[in-house]
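Protein chains in written order, with this note's numbering: chain A, 1 to 202; chain B, 1001 to 1331.
Glycine residues also receive a C-beta, built at the ideal position from the N, C-alpha and C atoms.
Below is one structure, written out as structure tokens, with a few remarks after it.
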């Protein structure tokens, strides 16, 4: 298929849900080094809610994203979860009235979501957050219209961004106060996004 | 690390059930039952105060719903901010027709959700203002005080704003005193042992049996330094020195809160208070209404925090005004 449809979104949610079984404690552990140790559990709950949201009968991509955004907002009030919901709301606005979009529109969708998340949360590119991972993936899939190529490029970009920021320090949130200690660690939000991209692109 | 619970995912809701059963002055409300409000409801014509935050810190946040304090509280999962629906519910339920102060700790999730709730509620013509608790001196430098996080000192802002609202003051005045109380308060904590989020399979951090960590956040976020355990007096001395260096007490009067993080016995808190009082006496600072106990916890985390709330005549009057909630009563 050369277009992204609601079926693709449902499959992505299923793939993410399946992946969280192994990822939950991995992400909790990553978060415990820089935060409060609950990123994996929060995302598990959030993705469970997404999976429970019945999007099969939604008439458009916009309605699907909107329903998922509402499910995400109901699942958590955490920073990462709220940013995630903000991204879904943006995707809903960008796809208003459309049943499908070409794969080549994934990049602008990711970029717009990234910008909305920056505006809501206040972090910038380079701060070592989930935003850097979204940015890198958006750049990598720009202009691609073949789903296999999109998946491959997204996965590669995820690995690149993880490696690039591993030895950087956190510049936002509480972790900025012990910036040196954050060198040699993955940001849990960035790690979560990359691992979920891996799972969904599989 | 053992816990008495039924299911990790039921933790928050079962806590709220028990809390409201034990304290009939509090009731659960909101679409998901994640708002605690006064059973008596909001008094018409009074400025409302809505707060919120993650679970795992009782008595904060929900335990301070009561007269002379806050009116409603949106509550999230353990160490997660409340979701947007709960924030909207908390604001609506606190609306007595004269506006609502949103008063909560400076955390990303809480801020985003209360902000979005306020944006949605503009259509309902509920006038809101916001004051964020930013008392944790270990979470930001002096130059970026607005980025600091809110910890135990938030209860002083609850007290000042709550008292002002009970007087019948308007929203601007209630907001002003809340901000003044935040500006006058500084906190630093020290952790001796970690806690565990119910859904996680290991503690939030590890600390050797003979180590402590100065400046640790109330979710286990790393602090300023980690070293061998020291005598209580030495720990208190450093905490008081850091607090006074951050904000010299020009009024000559303070209230002090020596707060337990969950697993530290009251006996040890009084050992800390003994030294803190001595240090403040040496600095010729008068202590008014000291508080010693578990006011803001991190589940089973061991350790303590000290908050200094520098008061002038106005804040002293508000601090002494009557208040009544399950965990703090001023007759």
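Asked                                                                                                                                              : Found
Distance between residue 119 of chain A and residue 1008 of chain B (C-alpha atoms, nearest Å)                                                     : 34 Å
Exposure of residue 1004 of chain B, with buried meaning 16 or more beta-carbon neighbours within 10 Å                                             : exposed
Through-space distance from residue 1122 of chain B to residue 1132 of chain B, alpha-carbon basis                                                 : 20 Å
Limits of the beta strand (DSSP E) - the one that residue 1191 of chain B falls within                                                             : 1185–1193
Near-chain B residues of the segment 90–123 of chain A - C-beta to any C-beta below 7 Å                                                            : 120, 121
Pair within 9 Å by beta-carbon distance, residue 1085 of chain B and residue 1050 of chain B                                                       : no
Rounded Cβ spacing between residue 1105 of chain B and residue 1150 of chain B (contact assumed at less than 8 Å)                                  : 3 Å
3-residue-minimum beta strand (DSSP E) runs that sit fully inside the segment 1109–1134 of chain B, ordered along the chain                        : 1128–1133
Straight-line Cα distance separating residue 1147 of chain B from residue 1263 of chain B                                                          : 28 Å
Chain-ordered chain B contacts of residue 178 of chain A [CB-CB under 9 Å]                                                                         : 1221, 1222, 1223, 1224
Cutoff 9 Å: residue 25 of chain A Cβ touching any chain B Cβ                                                                                       : yes
Presumed contact (8 Å Cβ cut-off) between residue 1043 of chain B and residue 1096 of chain B, rounded CB distance                                 : 6 Å
Proximity below 9 Å, CB of residue 1075 of chain B to CB of residue 1016 of chain B                                                                : yes
Near-chain B residues of the segment 129–149 of chain A - C-beta to any C-beta below 8 Å                                                           : none
Residue burial classification, residue 1114 of chain B (beta-carbon count within 10 angstroms, cutoff 16)                                          : buried
Endpoints, beta strand (DSSP E) assigned at residue 1105 of chain B                                                                                : 1100–1105
Nearest neighbour of residue 1056 of chain B, chosen from B/1230, B/1011, B/1024 [CA to CA]                                                        : B/1011
Under 9 Å by beta carbon: chain C residues contacting residue 181 of chain A                                                                       : Absence of chain C from the displayed structure is noted, the protein chains being A and B.
Proximal residues of chain A, C-beta to C-beta of residue 1070 of chain B below 7 Å                                                                : The premise fails here: residue 1070 of chain B is roughly 17 Å from chain A at the closest Cβ pair, so nothing lies under 7 Å.
Chain-ordered residues of the segment 25–45 of chain A with a beta carbon less than 9 Å from chain B                                               : 25, 28, 29, 31, 32, 33, 34, 35, 36, 37, 38, 40, 41, 42, 44, 45
Contact list for residue 1084 of chain B against chain A, beta-carbon separation under 9 Å                                                         : 73, 74, 77, 82, 85
Endpoints, beta strand (DSSP E) assigned at residue 1378 of chain B                                                                                : This structure cannot speak to residue 1378 of chain B, because chain B is shown only from 1001 to 1331.
Cβ neighbour criterion (16 or more within 10 Å) applied to residue 65 of chain A                                                                   : buried
Cβ-based contacts, 9 Å cut-off: residues of the segment 6–23 of chain A near chain B                                                               : none
Burial state of residue 1299 of chain B, where buried means 16 or more other Cβ atoms lie within 10 Å                                              : buried
Proximal residues of chain B, C-beta to C-beta of residue 173 of chain A below 8 Å                                                                 : 1108
Residue 37 of chain A beta carbon less than 9 Å from that of residue 1222 of chain B                                                               : no
Short CB-CB distance (under 9 Å) between residue 1077 of chain B and chain A                                                                       : yes
Under 8 Å from the C-beta of residue 1152 of chain B: neighbouring residues of chain A                                                             : Going along chain A, no residue has its Cβ under 8 Å from residue 1152 of chain B, so there is no contact; the nearest lies around 16 Å.
Minimum Cβ-Cβ distance from residue 1116 of chain B to chain A less than 9 Å                                                                       : yes
Boundaries (first-last residue) of the beta strand (DSSP E) holding residue 1073 of chain B                                                        : 1072–1078
Contacts around residue 1067 of chain B, its chain only, beta-carbon distance under 6 Å, and the 5 residues preceding and following it disregarded : 1324
Cross-chain neighbours of residue 1200 of chain B in chain A, by beta carbon under 7 Å                                                             : 28, 37, 38, 41
Boundaries (first-last residue) of the beta strand (DSSP E) holding residue 1049 of chain B                                                        : 1048–1055
Other residues of its chain near residue 1229 of chain B: CB distance less than 7 Å, five sequence neighbours each side excluded                   : 1210, 1211, 1212
Where residue 1112 of chain B meets chain A, residues with beta-carbon distance less than 7 Å                                                      : 79, 82, 120, 121
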